[in-house]
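Novice: Counting from 950, one number per residue, gives the positions in the sequence shown under the numbering used here. Note that CB positions come from ideal geometry on N, CA and C, so glycine has one too. The structure is given below, and queries will be raised subsequently.
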Amino acid sequence: MLCALAAGLALGPLGGTGWAAAAPRAAYPVGEVVSDAPLHVREKPTVYSGVVKSLRPGQRVLLSCQKRGGWVDGNPIWYRLQGSRGWVSARFVHDHQPVRAC
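Written as structure tokens, this is what we have:
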């Protein structure tokens, strides 16, 4: 009886199926701008592409996917922003979750 009680306390209350529901995963990974100055969002994954907008330091964005592009401070990875046609260099964005390839 004591073992059953201890097991029940360790498992906590169970739902209808007896399994706890997993927390939903975000549809897109979150990235945080870690540059000291505003970060340019570019039309293509290269510093030679046109700027479409800028992101402020500390701003969080949704990352759609990643691909290799022009090198920025030793890093060739670029992130495509979700809901935008723009790209940002991974050199200045910390990804909080893995980002899928484009």
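#1: Can you give the beta carbon distance from V990 to W1036, rounded, assuming they're within the 8 Å contact cut?
#2: In chain order, which beta strand (DSSP E) runs of at least 3 residues are fully inside the stretch 998 to 1034?
#3: In three-state terms, what does DSSP make of A1039?
#4: Could you give the DSSP three-state label for R1049: helix, strand or coil?
#5: Look at the alpha carbon of Q1053 and the alpha carbon of V1042, and state the distance between them as a whole number of angstroms.
#6: Output needed for R1009: all residues of its chain with C-beta closer than 6 Å, excluding positions within five of it in sequence on either side, in chain order.
#7: Name the DSSP beta bridge partners of E992, please?
#8: I need the DSSP call for G957, collapsed to helix, strand or coil.
#9: In whole angstroms, what separates the C-alpha of G1018 from that of A986?
#10: Mark V1048 as exposed unless 16 or more other C-beta atoms lie within 10 angstroms of its C-beta, in which case mark it buried.
Specialist: Put simply:
#1: At roughly 7 Å, the Cβ-Cβ gap stays under 8 Å, so V990 and W1036 are in contact.
#2: As far as the stretch 998 to 1034 is concerned, its whole beta strand (DSSP E) runs of at least 3 residues are 1000 to 1004, 1009 to 1021, 1024 to 1030.
#3: Three-state result, A1039: helix.
#4: In this structure, R1049 counts as coil in the three-state DSSP scheme.
#5: What is shown of the chain runs 950 to 1051, which leaves residue 1053 out entirely.
#6: Correct list, in chain order: V979, E981.
#7: For E992, DSSP records no beta bridge to any residue.
#8: With a pLDDT of only 40 at G957, under 50, the local geometry of the prediction cannot be trusted, and no value is derived from it.
#9: Their backbone Cα atoms lie some 21 Å apart in a straight line.
#10: Classification of V1048: buried, given that the 10 Å Cβ count is 16 or more.
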